[in-house]
Amino acid sequence: MKRKVTKAIFPVAGMGTRFLPATKSVPKEIMTLVDRPLIQYAIDEARAAGIEDFIFVTSRGKSALEDYFDHAPDLEASLQASGKMALLDILNDTNMDSGAIAYMRQHKPLGLGHAVSCARKLIGDEPFAVILPDDVIAAEKPCLQQMVEAYQETGGAMVAAMEVAPERTSSYGVLDVAAGEGPVLSVKDMVEKPAPGTAPSNLAVIGRYILTPEVMRNLDEVERGAGGEIQLTDAIAQELQQGRDVFGYRFDGQRFDCGSKAGFLQATVAFALARDDLRDEFSAYLTEMQSLKQAAQ
Ligand code: UTP
Numbered sequence: 002m003k004r005k006v007t008k009a010i011f012p013v014a015g016m017g018t019r020f021l022p023a024t025k026s027v028p029k030e031i032m033t034l035v036d037r038p039l040i041q042y043a044i045d046e047a048r049a050a051g052i053e054d055f056i057f058v059t060s061r062g063k064s065a066l067e068d069y070f071d072h073a074p075d076l077e078a079s080l081q082a083s084g085k086m087a088l089l090d091i092l093n094d095t096n097m098d099s100g101a102i103a104y105m106r107q108h109k110p111l112g113l114g115h116a117v118s119c120a121r122k123l124i125g126d127e128p129f130a131v132i133l134p135d136d137v138i139a140a141e142k143p144c145l146q147q148m149v150e151a152y153q154e155t156g157g158a159m160v161a162a163m164e165v166a167p168e169r170t171s172s173y174g175v176l177d178v179a180a181g182e183g184p185v186l187s188v189k190d191m192v193e194k195p196a197p198g199t200a201p202s203n204l205a206v207i208g209r210y211i212l213t214p215e216v217m218r219n220l221d222e223v224e225r226g227a228g229g230e231i232q233l234t235d236a237i238a239q240e241l242q243q244g245r246d247v248f249g250y251r252f253d254g255q256r257f258d259c260g261s262k263a264g265f266l267q268a269t270v271a272f273a274l275a276r277d278d279l280r281d282e283f284s285a286y287l288t289e290m291q292s293l294k295q296a297a298q
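Using our numbering, the first residue of the sequence shown is number 2, and each one after it goes up by one.
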C-alpha cells in the first residue's frame, strides 16, 4: 500500500572531519552556500515535496542548528520597524512552527543507518524520507519532489541514484539494477563502498531516500558493515532479500557533494552564478581570474 510521505529524517550527527577545523565549533550543515546554510536548502527541498514533520538526528555540539530554526523576535521586530520587509521574508522562511520539528540525539557516531534508526519512535508505521543535507541538488523540480511523485506509482523503497566515475564507486553505496529505460530502475542488489574493481555498476546512491517502516525494522538487526558502521544501504538491501521492491531513481538535476571541500567550492560557484544579484559581478571576476591564469602560463 502506498501512502503519502509527510515525515523526513535529516541525519546531521556526523563529525564532519573533512571540514576541520571549521567543524570544531560550526556544524557542517550551518556552513553557507552564498548566504544560506546547507540545512536551509534541505528544508526547502523537503517542503516542496510535501514534508510536514522534520526530524533531525543530531549530536553534541550541534546546538547552532536548533537555534537556526528558532524564531528571532528581536531581529524580526527591528526589521519590521525599519521597513526591511524583503529581509523579514527571508527570515520567515527559516522559521519552523512549534511541533513541526523534532530533535533526537545520536549518542555515538555509529553510522548513517544507526542515525536513521534513532528516529524510529517518531516514524512509527509510516513511509518516510531521508535527506542528507551535505548532498545539495540543483534542479528545476526539487529532487525529493521528483522521487515522491515516482513513489506514488511504485511504492516500495526508493533511493536517488547517479552515475559516478568507476574509480569513485568505492566511496558510495552502489546499485545492481535490472536493465531498464527511464528514471525508475528496478534494483536487484546494492552494496556499500565496494572494494575497487568489484562494484556491480557505476550507479551510486546519493543522499535522498524514501523508505518503508520495514527498513527501519531491518536497521535494528543489521550488523556493522563497511567501515565498522551500521549502514543504511545494508538495511535497504535486506528488503530485497525479504522479497520487497527497491527502486533507484535517476533524478534530473546536478548534485554537489558539499561534504567535500572541492564539492562545496563547486557548489558555491554554481549557486553564486545562479543568483541575479551576483551573477554579473562574480562571472566578471571568474573571467578575470581565468585570463590571469592563462597569462601566467
Ligand atoms: P559522512 O559520511 O559525510 O560523515 O556522513 P560526516 O561525519 O558528516 O563527515 P566526514 O566524513 O567526517 O567529513 C553522511 C551523513 O550521515 C550523517 C552525517 O551527519 C551526514 O549527514 N551521519 C553519519 C550521522 O548522522 N551519524 C553518523 O554516525 C554518521
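Ideal Cβ positions, reconstructed from N, Cα and C, are used throughout, including at glycine.
Distance cut-off 7 Å: residue i Cβ against heavy atoms of ligand 1
| i | result |
| --- | --- |
| PHE57 | no |
| ASP177 | no |
| ARG19 | yes |
| ALA299 | Only positions 2 to 298 of the chain appear in the structure, and residue 299 is not among them; the question remains open. |
| GLN291 | no |
| LYS29 | yes |
| PRO38 | no |
| GLN107 | yes |
| MET16 | yes |
| PRO214 | no |
| VAL13 | yes |
| ASP135 | yes |
| PRO128 | no |
| PRO110 | yes |
| GLU241 | The question names Glu, yet the displayed sequence has Leu at residue 241. No, Cβ of LEU241 sits at least 7 Å from all heavy atoms of ligand 1. |
| LEU76 | no |
| LEU113 | yes |
| GLY174 | no |
| GLY260 | yes |
Span of the alpha helix (DSSP H) around residue i
| i | result |
| --- | --- |
| THR234 | 233-242 |
| VAL149 | 144-155 |
| GLY114 | 113-118 |
| PHE1 | Residue coverage of the chain in this structure runs from 2 to 298, which leaves residue 1 outside it and unanswerable. |
| ARG245 | Element bounds for ARG245: n/a, residue is neither H nor E. |
| ALA297 | 280-297 |
| ARG4 | Here ARG4 belongs to no alpha helix (DSSP H), and DSSP marks it neither H nor E. |
| ILE124 | 121-124 |
Residue span of the beta strand (DSSP E) that contains residue i, given as start and end
| i | result |
| --- | --- |
| GLY264 | That residue, GLY264, is in no beta strand (DSSP E); its alpha helix (DSSP H) goes 262-274. |
| LYS8 | 8-12 |
| ARG106 | 102-106 |
| VAL332 | With the chain covering only 2 through 298, there is no way to say anything about residue 332. |
| ALA139 | 136-139 |
| PHE132 | According to the sequence provided, residue 132 is Ile. The question's Phe does not apply to it. Here the beta strand (DSSP E) through ILE132 covers 129-132. |
Margin query: Closer than 8 Å is the cut-off here; do at least three beta carbon pairs connect the region 42-55 with the region 92-111?
Written below: Output reads yes: the region 92-111 touches the region 42-55.
Next item on the list: Give, in chain order, every unbroken run of the alpha helix (DSSP H) that is at least 4 residues long and sits entirely within the region 157-243.
Entry: Entirely contained in the region 157-243, the alpha helix (DSSP H) runs reaching 4 residues are, in chain order, 214-222 and 233-242.
Notebook entry, point to check: Counting pairs of Cβ atoms below 8 Å between the region 26-39 and the region 169-176, do you hit three or more?
Noted result: Segment contact: the region 26-39 against the region 169-176, fewer than three CB-CB distances shorter than 8 Å; contact not assigned.
Next item on the list: Identify every run of the alpha helix (DSSP H) within the region 60-99, keeping only runs that are complete inside it and at least 4 residues long; order them along the chain.
Entry: If you keep only unbroken alpha helix (DSSP H) runs of at least 4 residues inside the region 60-99, you get 64-69, 74-82 and 86-95.
Margin query: Could you check whether the region 135-150 touches the region 42-49, counting it as contact only if at least three pairs of C-beta atoms, one from each stretch, sit closer than 8 Å?
Written below: Yes, since at least three Cβ pairs between the region 135-150 and the region 42-49 fall closer than 8 Å, the two stretches touch.
Next item on the list: Would you check if there are 3 or more beta carbon pairs closer than 8 Å linking the region 282-297 to the region 214-225?
Entry: By the Cβ criterion, the region 282-297 is not in contact with the region 214-225, since fewer than three pairs of Cβ atoms, one from each stretch, lie closer than 8 Å.
Next item on the list: Examine the Cβ distances between the region 255-271 and the region 232-247 and report whether three or more of them are shorter than 8 Å.
Entry: No, the region 255-271 is not in contact with the region 232-247.
Check: Contact between the region 187-202 and the region 267-283: three or more CB pairs below 8 Å?
Finding: Of all C-beta pairs linking the region 187-202 to the region 267-283, fewer than three are shorter than 8 Å, placing the two stretches out of contact.
Next item on the list: Would you check if there are 3 or more beta carbon pairs closer than 8 Å linking the region 145-155 to the region 236-244?
Entry: The region 145-155 makes no contact with the region 236-244, as fewer than three CB pairs between them are under 8 Å.
Notebook entry, point to check: Counting pairs of beta carbons, one from the region 198-217 and one from the region 119-137, are three or more of them closer than 8 Å?
Noted result: A contact exists between the region 198-217 and the region 119-137.
Checklist line | Cβ pair count under 8 Å reaching 3, the region 117-128 against the region 68-80 | finding: The region 117-128 makes no contact with the region 68-80, as fewer than three CB pairs between them are under 8 Å.
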